[in-house]
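Visitor:
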Amino acid sequence: VLRGLVRCFCESEGAALYSSTGVNMGGRGVLAFWLQECINAVSGNLDRRGGTLVGRGVIDFAKFGSKKGLLMRRDRSRVGDLRSINDAFPGGILADEILTPGKKQVRALFVTGGNPLITMANSGRLREAFEQLELLVTLDILPNETASVGHYMLPCTSPLERPDLPFIFPLMLGLQARPYLQATRRIVRPDAEQRDEATIYLDLARASGISLFGSAIAQKVLQLARWWHSRRLPKGEQPAVPQEFFLSALLRLTRQGSFRSLLRFPHGKLREAHRAGDFLGKRVYTADGKVQLAPEHLLRQAARLEFDFQLELGRQDTLKLITRRAVTTHNSWTHNFEDFVAGERYTNYLYMHPRDAAERGLSEKQLVDVRSATGVVRLPLKLLGDLMPGTVAMPHGWGHQRSGLRVARQTRGVNVNMLAADGPDALEPLSGMAHLTGIPVEVSAAGGEQAHTWSGLPEEAPTD
Numbered sequence: 126v127l128r129g130l131v132r133c134f135c136e137s138e139g140a141a142l143y144s145s146t147g148v149n150m151g152g153r154g155v156l157a158f159w160l161q162e163c164i165n166a167v168s169g170n171l172d173r174r175g176g177t178l179v180g181r182g183v184i185d186f187a188k189f190g191s192k193k194g195l196l197m198r199r200d201r202s203r204v205g206d207l208r209s210i211n212d213a214f215p216g217g218i219l220a221d222e223i224l225t226p227g228k229k230q231v232r233a234l235f236v237t238g239g240n241p242l243i244t245m246a247n248s249g250r251l252r253e254a255f256e257q258l259e260l261l262v263t264l265d266i267l268p269n270e271t272a273s274v275g276h277y278m279l280p281c282t283s284p285l286e287r288p289d290l291p292f293i294f295p296l297m298l299g300l301q302a303r304p305y306l307q308a309t310r311r312i313v314r315p316d317a318e319q320r321d322e323a324t325i326y327l328d329l330a331r332a333s334g335i336s337l338f339g340s341a342i343a344q345k346v347l348q349l350a351r352w353w354h355s356r357r358l359p360k361g362e363q364p365a366v367p368q369e370f371f372l373s374a375l376l377r378l379t380r381q382g383s384f385r386s387l388l389r390f391p392h393g394k395l396r397e398a399h400r401a402g403d404f405l406g407k408r409v410y411t412a413d414g415k416v417q418l419a420p421e422h423l424l425r426q427a428a429r430l431e432f433d434f435q436l437e438l439g440r441q442d443t444l445k446l447i448t449r450r451a452v453t454t455h456n457s458w459t460h461n462f463e464d465f466v467a468g469e470r471y472t473n474y475l476y477m478h479p480r481d482a483a484e485r486g487l488s489e490k491q492l493v494d495v496r497s498a499t500g501v502v503r504l505p506l507k508l509l510g511d512l513m514p515g516t517v518a519m520p521h522g523w524g525h526q527r528s529g530l531r532v533a534r535q536t537r538g539v540n541v542n543m544l545a546a547d548g549p550d551a552l553e554p555l556s557g558m559a560h561l562t563g564i565p566v567e568v569s570a571a572g573g574e575q576a577h578t579w580s581g582l583p584e585e586a587p588t589d
């Protein structure tokens with residue numbers, strides 16, 4: 126069967142192998158993704174119609190990042206000696222960077238539009254680290270578990286309360302099957318002390334005596350624009366930078382028209398379609414302009430694959446935990462809407478093949494304990510015949526306990542990332558990615574008491 130698939134793939138006029146987070150979050154995610162792209166390339170399907178195309182964004186982020194040295198910087202992390210990728214260090218060492226004394230120890234943290242205590246590995250340890258910070262500030266549109274252990278929460282505007290363009294994926298990376306641009310104006314006025322993130326960081330930079338982007342000129346221009354725009358806002362609104370003006374300037378600089386012109390296309394305006402032959406020899410930003418199919422560091426890791434394979438063969442009786450996404454909960458965001466968590470949706474479940482459940486004497490909706498080398502969580506069981514035997518699955522994004530989330534804190538769901546390990550030794554060595562899928566676990570009938578620590582928070586979360 127496998128040989129037939131390979132023959133069909135290679136003889137096809139166009140074919141593509143594709144994978145995403147399911148592979149990338151595994152223990153050898155980079156190797157798996159690299160091998161996949163090598164197959165696409167050597168079969169002639171890279172940059173080919175019907176194969177794998179590399180999108181062209183309005184802004185060529187790859188060119189910009191390569192020129193500025195952001196994609197693969199030379200500096201290394203203080204803990205674990207891990208490389209910086211895309212101007213960032215791995216989140217899996219954040220707790221270590223906070224808890225490990227020494228020069229450049231992290232003592233303050235700003236979190237924008239995120240909830241690390243739900244979304245990052247080993248939430249219990251991360252909470253302990255956050256409690257050691259001298260300053261923890263969250264910027265968000267709703268309270269969450271991270272904010273509950275922070276010192277300040279700064280309320281931001283939601284997408285309905287500000288002008289907007291789909292930014293990172295279409296504008297910077299070109300990740301759209303059919304490229305288009307869409308502009309929207311705000312339809313709801315911000316409430317009370319809500320401000321957009323740009324204005325918040327501009328004001329924080331000014332109060333701290335520093336400049337955004339390390340540019341005194343940019344800081345002064347933005348402050349002047351904020352002053353000019355704020356004078357024209359309705360009485361009672363918070364000061365703000367003129368976001369629509371800057372978005373329109375970006376569109377004009379990239380020859381995409383203006384913000385106002387895009388508004389004439391409420392369902393979006395199509396851009397030029399992706400083209401085959403638009404990547405190889407034209408937009409490969411390596412020193413020699415060629416795709417490096419066999420980098421030395423990947424070859425060294427690949428040499429261990431046979432050893433890893435034999436190791437896995439010896440673990441065939443061990444259950445492997447993968448994660449799932451639930452459409453109604455939008456990762457960790459929408460658990461506070463009653464309709465989305467009504468009825469049986471009040472919790473996440475551990476999904477298991479009926480054969481594996483029978484071998485362990487487990488039944489549908491029974492409470493089970495799921496135990497890894499890092500932690501244990503308790504939740505109801507659901508049987509799923511479509512699941513591969515030996516594999517169990519748990520939707521992520523659950524575990525809300527924040528007292529300000531009236532609905533979400535009443536849900537029963539648990540945080541799957543409490544089972545994932547953090548620290549430099551637990552990360553994928555090439556990318557620094559945490560091992561969030563394929564985690565070895567034991568599953569048994571629930572026994573004994575379990576503390577209410579579904580998100581890593583103490584039993585009594587701080588009140589508003």
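Using the working numbering, read the sequence shown as starting at 126 and increasing by one per residue.
Idealized CB from N, CA, C, for every residue including glycine.
1. Could you check what DSSP says for F235 in three-state terms: helix, strand or coil?
2. Among F370, S144, I164, D200, which one has its Cα closest to the Cα of W353?
3. Which residues does DSSP pair with G502 in a beta bridge?
4. Measure the CB-CB distance between L504 and V495 and report whether it falls below 9 angstroms.
5. Just to confirm the assignment: which complete beta strand (DSSP E) runs, minimum length 3, are found wholly within the segment 153 to 194?
6. Compare the beta carbon distance of M543 and G152 with 9 angstroms and say whether it is the shorter of the two.
7. Name the residue from L127, Y410, Q441 whose alpha carbon lies nearest to the alpha carbon of K193.
8. At the level of alpha carbons, what is the spacing between A533 and R450?
9. Taking only three categories from DSSP, how would you classify S202?
10. For R356, report the span of its beta strand (DSSP E) as first-last.
11. May I have a chain-ordered list of the beta strand (DSSP E) segments no shorter than 3 residues that lie completely inside the segment 323 to 379?
12. State yes or no: is the C-beta of L388 within less than 9 angstroms of the C-beta of L376?
13. Report the residue from R527, G563, F390, E489 whose alpha carbon sits nearest the alpha carbon of L242.
14. Check whether the segment 296 to 314 and the segment 178 to 198 touch, using three or more Cβ-Cβ pairs below 8 angstroms as the test.
15. Helix, strand or coil for M519 per DSSP?
16. With H, G and I counted as helix, E and B as strand and the rest as coil, what does DSSP make of E469?
17. Should R314 be flagged as near chain C, meaning a C-beta pair shorter than 9 angstroms?
18. How is the beta strand (DSSP E) around P280 delimited, first residue to last?
19. Go ahead and label S273 buried or exposed: buried means 16 or more other beta carbons lie within 10 angstroms of its beta carbon, across all protein chains shown.
20. In or out: V126 buried (at least 16 other Cβ within 10 Å) or exposed?
21. G393 and Y305 look like a contact to me (Cβ under 8 angstroms); what is the Cβ gap, rounded to whole Å?
22. H521: buried (16+ other C-beta within 10 angstroms of its C-beta) or exposed?
23. From R356 to A323, what distance separates their C-alpha atoms?
24. Please report the Cβ distance between A246 and A546, rounded to the nearest whole angstrom; I am assuming they are in contact, meaning their Cβ atoms lie under 8 angstroms.
25. Assign T617 to one of three DSSP states: helix, strand, or coil.
26. Using a 10 Å radius around the Cβ and a threshold of 16 neighbouring Cβ atoms, would you call R310 buried or exposed?
27. Give me, in chain order, the residues of the same chain whose beta-carbon lies closer than 8 angstroms to that of L251; leave out the 5 immediate sequence neighbours on both sides.
28. Measuring CB to CB, does F465 end up less than 9 angstroms from T453?
29. Nearest by alpha-carbon distance to W458: which of I266, S145, P554, Q491 is it?
30. Please return the same chain residues whose Cβ sits closer than 6 angstroms to the Cβ of S569, not counting the five positions on each side in sequence.
31. Please state if the CB of L446 and the CB of T271 are separated by a distance shorter than 9 angstroms.
32. So, is I325 buried or exposed, given that buried needs 16 or more other C-beta atoms within 10 angstroms?
33. What is the DSSP secondary structure of T459, reduced to helix, strand or coil?
34. Quick one: give me the first and last residue of the beta strand (DSSP E) that P565 is part of.
35. Go ahead and pull the three-state DSSP assignment for T588.
36. Mapping the DSSP letters down to three states, classify G129 as helix, strand or coil.
Guide: The answer reads as follows:
1. strand
2. F370
3. A small fix is needed here, since residue 502 is Val in this sequence, not Gly. Partner(s): V495.
4. yes
5. none
6. no
7. Y410
8. 17 angstroms
9. coil
10. Segment: none, R356 is in no beta strand (DSSP E) and carries neither H nor E.
11. none
12. no
13. R527
14. yes
15. strand
16. helix
17. Protein chains in the displayed structure number just one, and chain C is not present.
18. 277 to 280
19. buried
20. exposed
21. 4 angstroms
22. buried
23. 17 angstroms
24. 6 angstroms
25. Summary: the structure shown does not reach residue 617, with the chain confined to residues 126 through 589, and so no result is reported for it.
26. exposed
27. L219, A220, P241, L242, M245, D547, G581
28. yes
29. I266
30. D494
31. no
32. buried
33. coil
34. 564 to 570
35. Its pLDDT being 42, under 50, T588 is placed unreliably in this model, and the value from its coordinates should be taken loosely. Looking at T588 - three-state DSSP - the assignment turns out to be coil, as it is neither helix nor strand.
36. helix
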